[in-house]
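Asks:
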């Protein structure tokens, strides 16, 4: 049986969901990420907005300058997660082998499904049509003999595109791309490649593994050689050490007191813990990210002897990391909290032999989350997270 993989990428997902929710926004430039003049970055934007040069990660104020008539909307993650869940349910009708990569991407093993759904391109069109009719958003799909090339192919004909890389045509397909199109080749790697005189994928393919390892080191050289020839470097393997959950926030006004920082840290910890509880996962490594007003960034992490079980544990650990990195005065522009080394709770949490305060808190948080999901709204919040006349509240 020949391997067949689909990479499903939902087009301009956040903005597309907003257009489904608000049909009057059709054909309008929609930018999701914040409301001017608040400081923040673009999380997603519609294709109409992209015509003005707006891209994900761009400061909101720059997006406003480029497209002052754009529709600026705040991120509504719970709404996007619900739409994502509906899409993933559709994908599971076509194969049980669905690996959700993010809220708007999934990798499907479609090997052996031709008798059920027809040739790969026919099956892909059926998936696209089903998503469009039942959810209202569009998807681009790449088809290939491995997951990596399928991901690259999904970018080829966006939006609502379909692109098949026939088995045996992986190397010519890679040659048709720019180096910047290769997943895993970021700005730093591009700069290094340019320094070494490697400016095209053809030139990259011409170098042996040994030559690339001599230039870039053993691991990076091997990775570059693998992707240059259209092989899968294992970008979606299930190694829990590579998996993490995090949240970060860019502030309208710089944080300058420990009280402000701790309040935002608590809010971020609850958001991360909510994700972990939803996916029934946990991890032992806690990390924080701090970006100062001068755009200098620092990080810190610690691996605990036992996994995180509740938001309070996560907050206390993140707070310890914060005090180890921050002097309490230098203005902070961005703060982030996360947990890495994720694995199912059943693998990391041992059977409970004795009363555990953290596990009791975890059970309470799970019950509250289930109730909030049923009611569709927030029911309880920490008193510290409520607006206070002497403290800026965290962004909703």
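Residue numbers (UniProt numbering): 1 to 396.
All residues carry an ideal CB built from backbone N, CA and C; glycine is no exception.
So if DSSP puts residue 10 in a beta bridge, which residue, or which two residues, is it bridged to?
Replies: Residue mapping note: residue 10 aligns to position 10 of the chain shown, counting from 1. Per DSSP, 139.
Asks: According to DSSP, is residue 181 helix, strand or coil?
Replies: Here residue 181 refers to the residue found at position 181 when the chain shown is read from its first residue. It is helical.
Asks: Once you ignore the five residues that flank residue 332 on each side, which residues in its own chain have a CB closer than 8 Å to its CB?
Replies: In the chain shown, counting from the first residue as 1, residue 332 sits at position 332. Result list for residue 332: 251, 254, 255, 256, 261, 290, 291, 292, 293, 326, in chain order.
Asks: Using a Cβ-Cβ cutoff of less than 6 Å, which residues in the same chain neighbour residue 165 once the five nearest sequence positions on both sides are dropped?
Replies: Within the chain shown, the letter at position 165 stands for residue 165. Closer than 6 Å at the Cβ level, and outside the excluded window around residue 165, lie 144, 149, 153, 173.
Asks: Give the DSSP-derived three-state secondary structure of residue 22 in the structure shown.
Replies: Your numbering for residue 22 matches position 22 in the chain shown. Coil at residue 22, not helix or strand.
Asks: How would you label residue 120, buried or exposed, when you count the other beta carbons within 10 angstroms and need 16 or more for buried?
Replies: Against the chain shown, residue 120 aligns to sequence position 120. By the neighbour-count rule (16 or more Cβ atoms within 10 Å), residue 120 is buried.
Asks: Suppose the cutoff is 7 Å on Cβ atoms and the five residues either side in sequence are ignored; what does the same chain contact list for residue 25 look like?
Replies: By 1-based counting over the chain shown, the position of residue 25 is 25. 18, 19, 71, listed in sequence order.
Asks: Return the chain-ordered ranges of every alpha helix (DSSP H) run that is complete within the region 166-240 and spans a minimum of 4 residues.
Replies: Counting only runs of 4 or more, we get 170-175, 187-195, 201-206, 209-216, 218-228.
Asks: Which same chain residues end up closer than 8 Å to residue 229 when comparing Cβ atoms and leaving out the 5 residues on each side of it in sequence?
Replies: Working through the chain shown from its first residue, we reach residue 229 at position 229. Hits under 8 Å: 170, 171, 174, 205.
Asks: Among residues of its own chain, excluding the 5 on either side of residue 157, which ones have a beta-carbon nearer than 6 Å to its beta-carbon?
Replies: Position 157 of the chain shown, counted from the start, is the residue given in the question as residue 157. Around residue 157: 163.
Asks: Rounding to the nearest angstrom, what Cα-Cα distance links residue 115 and residue 88 in this structure?
Replies: If you number the chain shown from 1, residue 115 lands on position 115. If you number the chain shown from 1, residue 88 lands on position 88. Those two C-alpha atoms are separated by around 22 Å.
Asks: Measuring alpha carbon to alpha carbon, tell me which residue in 13, 224, 202, 201 is nearest residue 211.
Replies: In the chain shown, counting from the first residue as 1, residue 211 sits at position 211. The candidate whose alpha carbon is nearest that of residue 211 is 224.
Asks: Any contact between the region 45-52 and the region 99-116? By contact I mean 3 or more CB pairs, one from each, below 8 Å.
Replies: no
Asks: Is residue 304 helix, strand or coil by DSSP?
Replies: In the chain shown, counting from the first residue as 1, residue 304 sits at position 304. Taken through DSSP and simplified to helix, strand or coil, residue 304 comes out as coil.
Asks: Measure the alpha-carbon distance for residue 128 versus residue 272 and round it to whole angstroms.
Replies: Along the chain shown, one-based indexing puts residue 128 at 128. Along the chain shown, one-based indexing puts residue 272 at 272. Rounded to whole angstroms, residue 128 to residue 272 spans 31 Å at the Cα level.
Asks: Residue 178 and residue 208 - do their beta-carbons sit closer together than 9 Å?
Replies: Here residue 208 refers to the residue found at position 208 of the chain shown. Here residue 178 refers to the residue found at position 178 of the chain shown. The answer is no: Cβ separation not under 9 Å.
Asks: With H, G and I counted as helix, E and B as strand and the rest as coil, what does DSSP make of residue 289?
Replies: For the purposes of this step, residue 289 is identified with residue 289 of the chain shown, where counting begins at 1. Three-state DSSP puts residue 289 in a strand.
Asks: Whole angstroms is fine: what's the gap from residue 56's alpha carbon to residue 32's?
Replies: By one-based count along the chain shown, residue 56 stands at place 56. By one-based count along the chain shown, residue 32 stands at place 32. Approximately 9 Å between the Cα atoms of the pair.
Asks: Quick check on DSSP: helix, strand or coil for residue 266?
Replies: For this step, residue 266 is matched to residue 266 along the chain shown. Reduced to three states, the DSSP call for residue 266 is helix.
Asks: Given a threshold of 16 other Cβ atoms within 10 Å of its Cβ, counted over all protein chains shown, does residue 195 qualify as buried or as exposed?
Replies: Looking up residue 195 in the chain shown gives position 195. When all chains shown are included, residue 195 counts as exposed.
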